[in-house]
Structure formats: structure tokens, C-alpha cells
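K.L.:
Next up is a structure, given as C-alpha cells.
Residue numbers (my numbering): 5 to 513.
See below:
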């Protein structure tokens, strides 16, 4: 693992250095042509778009980077030379660095990850590699390449054009096969012939990731068991996702696009409603807010899917003795939900609150009455219900509060009493901009890093560089945004400065 970390960080550091020294250069060679057409996932680090964002020259003077060079190059003058003079590395720094992944969902131990970069000076890179491995490690000839086995889970291979570091996730990883498949790939058999890959990489970003579910479908054929009744291998084919990460001024912005095949889209469009329609704004207090998450589940739609797959029959038989059906249960709760967490000055644990809308109060009351009859629920009066018997065996069990067609689940000594008394959120609620995130999406989220930092003091890390995070997920796309505290600085520069500050505070990375 140490070698993998050193190798990867070295390439990124070297690349950032070079791009900070150049104004313009065209790609002389792109290693993506060596990535096989049947690959599951490909990510590209667009070095050139980072050239004005990293301020690498100032980073070289920082304590964490100077100590990084000292630590990883100890006894290795070759690596120290490269980190101080990237031109000696032998890596073609005009090209992107690619990550390719192969994952078998039925056998995760066989997962393979490859780091692929272009070569400008094969001899120089071989010298660098040899200086950072054991003396008894020798280059082994392969078919069109040569390689070094760093350890049981790491192989580094090279030819005149590219270098590949293969990383296995488990004992069953076939590193040699993964490496060979990359070196055997030509332009004609490359992933660049895939139309969806072209579509994905036509949009520029600092980091671009493409994923296909086709390998998952192949691996799942005949092996999914009961799960196959819910998701068939056919549904797993031809599903794609595109992810774009950009380090912008004030924020790190991640965009997600999904393209699902017709069968999967038709099947699961009923899992979520188009947006949260319940107004939860009066239950999201601004003061000490750590996070808030809203969602728009379609309970009737979920029940319809399960019924169509004949998966509710046995449940209905069991419910019949209680005078209930799965259809009735699906109508009881609306599906819109809210989960919040607030800092708690009186405890090490934050205060939690969950809220859901009740659609059918009569059926809900029937469920409550059954719970009391079987001594699972205790009526505490004024709309309060506690778990009882075996259901109350755990410590710090939450309490249930039913009022105005809403069900709240929260702390018995703080959150729920505050709701009852009307003292909840005495100091105001979150802004309109934040509530829009919760009301106009399938899933909406907000995180306040400053309040999270209050619970991280023991590890010596502060979150001062990051202000908050917002998440908006719709049916076909989504966006996650980390807003930085310094609005006048690029977010990547803020992260680098923050890393150095925390390093100087802790004395270690």
C-alpha cells in the first residue's frame, strides 16, 4: 500500500508541477486508447485544467510536501530527484492519467484497478521504478511489455508508450490478466469506440468518470438468486453514469448524469416521486444544524413493484390476521421524509429528528393499537408513544410524537419536548435557498462542516476551509457542491492550504 500511495501521489504531484510551468501544450498521446472496450469504469484526471488552480509552486514550499518528499525518498535519491525535478520522471506529463476499474459484483475479491499513464522516457521511468522497489525485484518479460511484481497485490508494467500499475483488491485478483488486457488493446479494440464514452468525455472537467453496468449484468447471469426477482440481468445492461468534478472558485462541484435502460427506468421510476411535496422547513432549525436530508419515496409505487413480482403474497397472509394488507400499509405513510441532526452542547451525541407525513390516520391508529395490544408500544399521552417490552431493550430509545398528520421520531429529553412546547428552533430556520434544496428534488441534503468540526476536536482536524455541502438529486441527474469558507480563492488551493495547516497542527498526514 505504501508503494501504491507513493507512486500515485508522485505522478499527480509531478503533473501539477509541470502544468504550473506551461501555458499551452497539446496532448501528444492519450493513454485512453489502451483501455479495453469492455471496461466497467474509466476516470480521467485532466491535468491541464488544474494548472491555474493548484498553485503548485507554493505547495512545494509547504511543510507537508517538504516532509512528504523527505519521508518517501529516504534512502532513495532517485525519487527525491524526480519530486524536485519532474522532468526526470519519464512520465509524459502532457497527457491525462487514467484510472480503469473492473469489478465483479458476485466476486468482489477479484476486482482489478489500473492506473494508466503515458511514457516519454522509458529508461528514466525504469530507473525510478527500480530505485523504489526491492533489490531482488527484476523486470520480467511479458507479451509486449515488461513488469515488476511489487507485492502480491501490485504489479507495475511498462512498454515504450505507457506505464500501468495494476492493483488487486483481494487474493483472487488476476493482476497479470488485467495488465495484459491493457497492453493488448489497440485503437480498434479500445473503449474510445464506445459512443457513450465519447459523449461522457466530450464535456471538460478536472476529473471525469464514466461507468457502465454491462459487466455487472454479465457477472450476474444465473447467480443472483432471489435478487433476480427484483433486478434481472437484462435490467443491468446498458446503464451508464457520467460524473464531472470541478474545482471552482468558492466551491468543489460534482455533477452526476444517469442514463438507464428502458426496463430498469420503467421498473424503478415508481420508487421515488418527482420531488418532496411536504414542507419540512419549520422542522429544520438553523442553529447548530449538522445535517438535514429529505427524500420523496413513493410507497404505493414500491408496493406495486413488489406486488407485480409476487413478493407481497406471504406478507398479506400474515397481515390478514391483524386486519391489514400491504396495500393499506403503503397508503399509511406518504413517503416524504426528513432526517436532521443538531449539535448538542449537553451531550457528546448530536440531537436527531426524523419526520414523516401520515396519509391515512385511521390505518396508522390501527397499527398503533396493535402495537399496544401486543405490548410493543406504550401510550405516554399527548400524542407520545414509547417502545415497550423487548422493543425497548436498547439504551437511548427514541420516542414517537404524532401531531397534525405528522410522525416525529426523536430524543425524549430534548427534540420532542421542544416540538411540543413550541420552543423548537427559537433562533430561526434555515434560509429559503436551503429549503429549496429540500423541496425540489427526489433527495436533498445539507451539511454544515463547522458544526461537524465540533465533534472532531479529538482527532486534531478542523474543517475551517469548508463551509457547507449541498446535494440535489433528481431522476436523471444530480449535483453535489462543497462550498468553501474563502470565497476569493480557488477550492483546490483552499484544500491544499487546509491540508498544510492541519499537518502543521498534527505533525503528520
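Beta carbons: idealized from backbone N, C-alpha and C, even for Gly.
Take residue 305 and list the residues in its own chain whose beta-carbon comes closer than 7 Å to its own, dropping the five residues that flank it on each side.
P.N.:
Here residue 305 refers to the residue found at position 301 of the chain shown. Excluding residues within five positions, the ones whose Cβ falls inside 7 Å are 274, 275.
K.L.:
Throw me the rounded Cβ distance for the residue 432 and residue 441 pair, which I believe falls under 8 Å.
P.N.:
For the purposes of this step, residue 432 is taken as the residue at position 428 of the chain shown. For the purposes of this step, residue 441 is taken as the residue at position 437 of the chain shown. Going by Cβ atoms, the distance from residue 432 to residue 441 rounds to 17 Å, so no, they are not a contact pair.
K.L.:
Should residue 379 be counted as a contact of the ligand ZN given a C-beta to heavy atom distance under 6 Å?
P.N.:
The ligand ZN is absent from the structure shown, which contains no ligands of any kind.
K.L.:
For residue 75, name the three-state secondary structure that DSSP assigns.
P.N.:
As a working note, residue 75 is residue 71 in the chain shown. DSSP places residue 75 in helix when its eight states are reduced to three.
K.L.:
Quick one: Cα of residue 378 to Cα of residue 253, how far?
P.N.:
Within the chain shown, the letter at position 374 stands for residue 378. Within the chain shown, the letter at position 249 stands for residue 253. Taking C-alpha positions only, residue 378 is separated from residue 253 by approximately 58 Å.
K.L.:
For residue 372, which residues from the same chain have a beta carbon less than 6 Å from its beta carbon, with the 5 sequence-adjacent residues on both sides left out?
P.N.:
Position 368 of the chain shown, counting from 1, holds the residue named residue 372. Here the set comprises nothing.
K.L.:
Name the DSSP beta bridge partners of residue 345, please?
P.N.:
Taking the first residue of the chain shown as 1, we reach residue 345 at position 341. According to DSSP, residue 345 bridges with 295, 356.
K.L.:
Just mark residue 162 as buried or exposed, buried being the case when its beta carbon has 16 or more other beta carbons within 10 Å.
P.N.:
Reading the chain shown from its first residue, position 158 is the one you call residue 162. The residue is buried, with at least 16 neighbouring Cβ atoms inside 10 Å.
K.L.:
Could you please give the first and the last residue of the uninterrupted alpha helix (DSSP H) stretch that includes residue 507?
P.N.:
Here residue 507 is taken as the residue at index 503 of the chain shown, counted from 1. Its alpha helix (DSSP H) spans residues 495-510.
K.L.:
Buried or exposed: which applies to residue 415, given that a residue is buried once 16 or more other Cβ atoms fall within 10 Å of its Cβ?
P.N.:
Taking the chain shown and counting its residues from 1, the one referred to as residue 415 is at position 411. The residue is buried, with at least 16 neighbouring Cβ atoms inside 10 Å.
K.L.:
Residues bridged to residue 159 by DSSP?
P.N.:
As a first step, residue 159 is located in the chain shown; it is residue number 155 there, counting from the start. Residue 159 pairs with 153, 170.
K.L.:
Looking at residue 250: is its Cβ nearer than 7 Å to the Cβ of residue 264?
P.N.:
Indexing the chain shown from 1 puts residue 250 at position 246. Indexing the chain shown from 1 puts residue 264 at position 260. Going by C-beta atoms, residue 250 is not nearer than 7 Å to residue 264.
K.L.:
Going by Cα to Cα distance, which pick from 39, 474, 135, 389 is closest to residue 80?
P.N.:
As a first step, residue 80 is located in the chain shown; it is residue number 76 there, counting from the start. Residue 80 has its Cα closest to that of 135, out of 39, 474, 135, 389.
K.L.:
Per the DSSP calculation, residue 416 is bridged to which residue(s)?
P.N.:
Here residue 416 refers to the residue found at position 412 when the chain shown is read from its first residue. For residue 416, which the question treats as bridged, DSSP gives no partner whatsoever.
K.L.:
Answer yes if the segment 150-167 comes into contact with the segment 120-129, meaning at least three C-beta pairs across the two stretches below 8 Å, and no otherwise.
P.N.:
yes
K.L.:
Identify whether residue 192 lies in helix, strand or coil by the three-state DSSP scheme.
P.N.:
Counted from its first residue, the chain shown places residue 192 at position 188. Three-state DSSP puts residue 192 in a helix.
K.L.:
By the 10 Å Cβ neighbour count, where 16 or more other Cβ atoms means buried, how is residue 57 classified, buried or exposed?
P.N.:
Locating residue 57 in the chain shown gives position 53, where the first residue counts as 1. Per the 10 Å Cβ criterion, buried.
K.L.:
Do residue 133 and residue 82 have their C-beta atoms closer together than 7 Å?
P.N.:
If you number the chain shown from 1, residue 133 lands on position 129. If you number the chain shown from 1, residue 82 lands on position 78. The Cβ atoms of residue 133 and residue 82 lie no closer than 7 Å to each other.
K.L.:
Which residue wins for smallest C-alpha separation from residue 340, given the options 213, 200, 508, 283?
P.N.:
Taking the first residue of the chain shown as position 1, residue 340 is located at position 336. The option with the nearest alpha carbon to residue 340 is 283.
K.L.:
So, at 6 Å on beta carbons, what are the nonlocal neighbours of residue 545 in its own chain, with the 5 sequence-adjacent residues on each side left out?
P.N.:
The requested residue 545 is not part of the displayed model; the chain covers only 5 to 513.
K.L.:
Just to confirm my understanding: we take residue 508, look at its own chain, exclude 5 residues before and 5 after, and list those with CB closer than 7 Å. What are they?
P.N.:
Numbered from 1 along the chain shown, position 504 holds the residue referred to as residue 508. 67.
K.L.:
Go ahead and pull the three-state DSSP assignment for residue 29.
P.N.:
As a working note, residue 29 is residue 25 in the chain shown. Only weak support is given to the placement of residue 29: the predicted model assigns it a pLDDT of 35, under 50, and the question is left unresolved by the model.
K.L.:
Less than 6 Å between C-beta atoms, sequence neighbours within five positions excluded: which residues of the same chain meet that for residue 187?
P.N.:
Position 183 of the chain shown, counting from 1, holds the residue named residue 187. Cβ within range, chain order: 148, 149.
K.L.:
Nearest to residue 101 by alpha carbon, out of 88, 107, 89, 118?
P.N.:
In the chain shown, counting from the first residue as 1, residue 101 sits at position 97. The option with the nearest alpha carbon to residue 101 is 118.
K.L.:
Can you tell me whether residue 1 is helix, strand or coil according to DSSP?
P.N.:
The first residue shown for the chain is 5 and the last is 513, placing residue 1 beyond what the model contains.
K.L.:
Rounded to a whole number of angstroms, what is the C-alpha to C-alpha distance between residue 342 and residue 246?
P.N.:
Translated into positions along the chain shown, residue 342 becomes position 338. Translated into positions along the chain shown, residue 246 becomes position 242. Spanning the two alpha carbons is a distance of roughly 28 Å.
K.L.:
Rounded to a whole number of angstroms, what is the C-alpha to C-alpha distance between residue 77 and residue 129?
P.N.:
As a first step, residue 77 is located in the chain shown; it is residue number 73 there, counting from the start. As a first step, residue 129 is located in the chain shown; it is residue number 125 there, counting from the start. So the two alpha carbons sit approximately 15 Å from each other.
K.L.:
Could you tell me the boundaries of the beta strand (DSSP E) in which residue 309 lies?
P.N.:
Translated into the one-based positions of the chain shown, residue 309 becomes position 305. That residue, residue 309, is in no beta strand (DSSP E); its alpha helix (DSSP H) goes 303-312.
K.L.:
Can you give the Cα-Cα distance for residue 106 and residue 479, rounded to whole angstroms?
P.N.:
Along the chain shown, one-based indexing puts residue 106 at 102. Along the chain shown, one-based indexing puts residue 479 at 475. Rounded to whole angstroms, the separation of the alpha carbons of residue 479 and residue 106 is 26 Å.
K.L.:
Determine the DSSP secondary structure at residue 405, reduced to helix, strand or coil.
P.N.:
Within the chain shown, residue 405 is the residue found at index 401, counting from 1. Strand.
K.L.:
Kindly list the residues whose CB is nearer than 7 Å to the CB of residue 472, restricted to its own chain and excluding five residues on each side of it in sequence; keep chain order.
P.N.:
Stepping through the chain shown from its first residue, residue 472 is reached at position 468. The beta carbon of residue 472 lies closer than 7 Å to those of 450, 451, 452, 453, 487 in the same chain, with the five residues before and after it left out.
K.L.:
What residues match up with residue 411 in a beta bridge as DSSP calls it?
P.N.:
Position 407 of the chain shown holds residue 411. Paired residue(s): 360, 406.
K.L.:
Please classify residue 338 as buried or exposed, where buried requires at least 16 neighbouring CB atoms within 10 angstroms.
P.N.:
As a working mapping, residue 338 is identified with position 334 in the chain shown. Classification for residue 338: buried.
K.L.:
Can you tell me which of the three DSSP states residue 267 falls into?
P.N.:
As a first step, residue 267 is located in the chain shown; it is residue number 263 there, counting from the start. Looking at residue 267 - three-state DSSP - the assignment turns out to be helix.
K.L.:
Tell me whether residue 354 is buried or exposed, calling it buried when 16 or more other Cβ atoms sit within 10 Å of its Cβ.
P.N.:
Taking the first residue of the chain shown as position 1, residue 354 is located at position 350. Burial call: buried.
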